[in-house]
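J.: Numbering (UniProt numbering), first residue to last: 1 to 78.
See the structure below:
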């Protein structure tokens, strides 16, 4: 059976990558896991298509830093 792969351009950074929609276990996106909160954070960015694994990792870090900033503000208010 021929696996379906697509060449895509990341709407966030413009880099090309291969989406392995026909074999999701081998797709680059399966290398990164997200909490429900992280998924909502990325969903709110409203990207037009899949993003590359590099951007996924950057957004995961961005979410972490945002959460840490909120926590630090809460601590300072005590």
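Beta carbons are placed, not taken as given, at the ideal position from N, Cα and C, and that holds for glycine. No experiment lies behind these values; they were computed from the predicted model shown.
Between the alpha carbons of residue 57 and residue 32, how many angstroms are there, rounded?
T.: Residue 57 sits at position 57 when you count from the first residue of the chain shown. Residue 32 sits at position 32 when you count from the first residue of the chain shown. The alpha-carbon atoms of residue 57 and residue 32 are separated by roughly 7 Å.
J.: How about residue 41 and residue 17: are their beta carbons less than 8 Å apart?
T.: Within the chain shown, the letter at position 41 stands for residue 41. Within the chain shown, the letter at position 17 stands for residue 17. In this structure, residue 17 does not lie closer than 8 Å to residue 41 by Cβ.
J.: Could you name the residues of the same chain whose beta carbon sits closer than 6 Å to that of residue 13, not counting the 5 residues immediately before and after it, in chain order?
T.: Start at 1 with the first residue of the chain shown, and residue 13 comes out as number 13. Once the five neighbours on either side are set aside, the close Cβ partners of residue 13 are 55.
J.: Could you say which of 67, 37, 70, 50 lies nearest to residue 19 if we only look at CA atoms?
T.: Stepping through the chain shown from its first residue, residue 19 is reached at position 19. Taking only the C-alpha atoms, the option nearest residue 19 is 50.
J.: By how many angstroms is the C-alpha of residue 68 removed from the C-alpha of residue 8?
T.: Taking the first residue of the chain shown as 1, we reach residue 8 at position 8. Taking the first residue of the chain shown as 1, we reach residue 68 at position 68. Distance between the alpha carbons of residue 8 and residue 68: 33 Å.
J.: In three-state terms, what does DSSP make of residue 39?
T.: Start at 1 with the first residue of the chain shown, and residue 39 comes out as number 39. Looking at residue 39 - three-state DSSP - the assignment turns out to be helix.
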